[in-house]
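A.B. asks:
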Amino acid sequence: MSTRTRIRRTAALLAALALAVPLAATAPGAATAAPPLPRDTEEVVDGVNVPWDVDFLPDGRMLVTERVGRIRIFESGVPGAARTGTVTVPDMDPNGEGGLMGLAVDVDFAENRHVYVCATRSYPGSGGAVNEVLRYTVGSQRWSAPRVILGDMAAVGSHNGCAVQMDESGLLWVSMGDARDLAAPQDRHSLNGKILRVTRDGEVPTDARGNPLNPVIEDENGVGSVDQVYTMGHRNPQGIAFEPGTGRVYSVEHGPSNDDEVNLLVPGANYGWPCVTGEDNDPYRPDVDGCTEEGADLDPDDFVAAAWGSGPTTVGTSGGSFARGDQWGDWEGDLFVSALAVDKGETVLRFDVGADGSLGDPQRLWSQEHDRLRGSVPGPGGSLYLTTSNGPDQVLRVAPSRPTVSRVAGADRYEVAAAVSADAHPSGADEVIVATGARFPDALAGSALGGREDAPVLLTRPGELPDSTRTELERLSPERITVLGGSASVSDEVLEELRDLAGTVERVGGADRYTVAARIANRRYERGVDAVFIASGETFPDALAAGPAAAVNGAPLLLVRRNSLPPVTAETLRVLQPKRIYVLGGTATISNATSNAIRPFAGAPRTRLSGPDRYAVAREVAREFWETSDVAIASGQTFPDGLTLGAAAGAQGEPLLLSRSGGVPRSTGQQVIRLAADDVTMAGGTASLGPEVVTDLRRLVGLP
């Protein structure tokens, strides 16, 4: 697994970082100088025409928007990747700084296959140039015609904004510039000069009762902003960045001839343009309508100040993204902002982000090395992708480390389990869990326990201890062996063999799979646990995905039937009194009636993690509990490899994602990219995970 290699990489990276210490801070808001970034910077593609934004499909293909109106499709984000297609956006109006700009792949692309762009267009009936958000549906052979989901936004040759991002809840965030209309940012009836938040259909997001989720920003007369608006008072916001793990959202904005800004977005906030500007809310054009109440003087405290401003000069801040993954060492979680004003000496600014969201003085990277940089996008393997704006242009990749895709395999499931154990526990283990490899029911709950206790899971035949299992037990030299299942699963003869290999051997058995899981929970977990995970005992995939998540939450895994809550499970819930319950799978796996029967035992609302198939359920588990992580991959079609790898993944704090034997499903691929995984461990031979899976995974972490 990844922990040992990660320690070596981090140590080397920290040594390199010592060469990039910023100089003493200069004037407030100014960037501090530094040597070039001590990492591999590679040209991915060349000869693109003003590439504005980059994103990735779940199969690893790279999309690039060109301002002239083309979406370029490349086979991957690996240097030298071939271009495989082009989508031409109709009715483009790329006048001045307008054209095809922001780009976002839907977080649920596996189900809906949607891609969104923000573009300046002009066509009969549009009334001239307009900015619009368009939605495409990507077919197996071709893309659909675009559908306008958000329009009525003024456009001119500059100040268009037009960044578009989608958060993990499926809401679209759109930045819209003032279109050189100074009154628009303070006009609550206008969408210009705003940050907008809408649904996939461009509608106003609402709660379960139909109430708008966006704040209403009222003026002194009680006139509120239109419902698509999240914040107002923006000039030309060209970047939107989500900070992993915090829910914080930042916008990156061009100032006039001074005070470029990075803003921490607060719901319903007014950032003051054109009334004030910068970190200190310095007055700029207080005479513009909306800046003051009638007859009153300007009050800078009416507006939210920038988290960072460039001060008396401009650096041309444009795109922004956060460094994802601990392969970045001390820079993990830092904000990287690209800049266009190369004559000022900046091309990328790196910001430390405080616990409260505040930004320190930036460090200047690649001073003038790549001239004008526009986009700043996270990509496969946690790499940072940058676009130039010099003509002709490139897409660049900054790779903090070289990713790995490794396979742990063996001649059969017993050898695979032993190999996973040896890889994850090179120095032995205090406890080992032994379960039958012949069938899944008794073993399902063992993965969660093994992950929590850092105990490998080994497999046995019901009546015979395999040589590979015995050899690994001898090497591990455990003090304790916990055997799951009754004598039909692990015979008494095998139990006696195990007694020769550990000081304590305990059997956790029962009349059925539900009782075995319940007894594990009752013996090894305390009353008042933070959470309990509930999965089907009639099928295995959802329980496999739940194992590492339960482990990192210190939670037991209990089993239910689709249409009933077994009495032993109900009694265990009553005894444990968990603070939260997670139900794994859709209603085809665990019915609403069964889920409702669990309700009296939850001290907090139940959370159902579901999807259209087993791969999507594993994706939802990863979404719920991980922001960045390396990844373990096992077959979603057989249980043994996922059971043993899941315990190792849980012990190392990693999610388990599932794959088909012939290729990585889209829902799995999208999570590998989102998690910024640069170390992927597969368990099983080519019969479980074929060579196509390796090819797919290499592309998804940015390897050729």
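Numbered by mature numbering (1 follows the signal peptide of the UniProt record, and there is no 0), the letters in the sequence shown go through residues -33 to -1, 1 to 671 in order.
All residues carry an ideal CB built from backbone N, CA and C; glycine is no exception.
#1: With DSSP run on the structure shown, which of helix, strand or coil describes Phe270?
#2: Suppose the cutoff is 8 Å on Cβ atoms and the five residues either side in sequence are ignored; what does the same chain contact list for Ala385 look like?
#3: Is the region 167 to 175 touching the region 205 to 218, taking contact as three or more C-beta pairs under 8 Å?
#4: Just tell me which of Val183, Cys258, Val282 and Leu265 has its CA closest to the CA of Ala236.
#5: Jot down the residue ranges of each uninterrupted beta strand (DSSP E) in the region 472 to 508, minimum 3 residues, whole runs only, in chain order.
#6: When you compare only the Cα positions, how much space is there between Val588 and Ala516?
#7: Which of helix, strand or coil does DSSP assign to Arg641?
#8: Can you grab the Cα-Cα spacing for the pair Thr635 / Thr314, in whole Å?
#9: Express the C-alpha separation of Asp26 and Leu511 in angstroms, rounding to a whole number.
#10: Have a look at Ile548, Pro534, Gly470 and Leu117 and flag the residue whose alpha-carbon is nearest the alpha-carbon of Pro523.
#11: DSSP on Val45, reduced to helix/strand/coil?
#12: What first and last residue would you give for the alpha helix (DSSP H) that runs through Tyr103?
#13: Which one of Ala71, Gly144 and Ser368 has the shortest CA to CA distance from Pro241?
#14: Entirely within the region 56 to 116 and at least 3 residues each: give me those beta strand (DSSP E) ranges in chain order.
#15: What are the complete beta strand (DSSP E) segments, minimum 3 residues, inside the region 368 to 411?
#16: Can you give me the start and stop residues for the beta strand (DSSP E) that Val21 sits inside?
#17: How many angstroms separate the CA atom of Gly657 from the CA atom of Gly514?
#18: Whose C-beta lies closer than 8 Å to the C-beta of Leu432 among residues of the same chain, with five residues either side of it excluded?
#19: Hey, would you say Gly418 sits closer than 8 Å to Ile400, going by beta carbons?
#20: Tell me whether the beta-carbon of Leu664 lies closer than 8 Å to the beta-carbon of Val639.
#21: Taking the alpha carbon of Glu336 as the point to measure from, which residue in Gly324, Gly349, Leu525 and Ala306 has its own alpha carbon closest?
#22: I think Val31 touches Val362, with their Cβ atoms under 8 Å apart; what is that distance to the nearest whole Å?
#23: With a 10 Å radius around its C-beta and 16 neighbouring C-beta atoms as the bar for buried, classify Tyr90 as buried or exposed.
#24: Is DSSP giving Thr554 helix, strand or coil here?
#25: Tell whether a beta-carbon distance below 8 Å holds between Tyr492 and Leu576.
#26: I'd like the list of long-range same chain contacts for Val255, defined as Cβ closer than 8 Å, with 5 residues on each side in sequence excluded.
#27: In the DSSP assignment, what residue or residues form a beta bridge with Tyr549?
#28: Which class does Pro567 belong to by DSSP, given the choice of helix, strand or coil?
#29: May I ask you to list the residues that DSSP assigns as paired with Leu524?
C.D. replies: Looking at the atomic coordinates:
#1: coil
#2: Gly377, Leu425, Ser435, Thr436, Thr438 and Glu439
#3: no
#4: Val183
#5: 499 to 503
#6: 7 Å
#7: helix
#8: 34 Å
#9: 23 Å
#10: Ile548
#11: coil
#12: Note, Tyr103: premise wrong, no alpha helix (DSSP H); beta strand (DSSP E) at Val97 to Thr104.
#13: Gly144
#14: 67 to 72, 81 to 88 and 97 to 104
#15: 371 to 375 and 398 to 403
#16: Pro18 to Phe23
#17: 24 Å
#18: Val461, Glu464 and Leu465
#19: no
#20: yes
#21: Ala306
#22: 6 Å
#23: exposed
#24: coil
#25: no
#26: Leu149, Ala150, Gln153, Pro241 and Cys242
#27: Phe500 and Thr574
#28: helix
#29: Phe500
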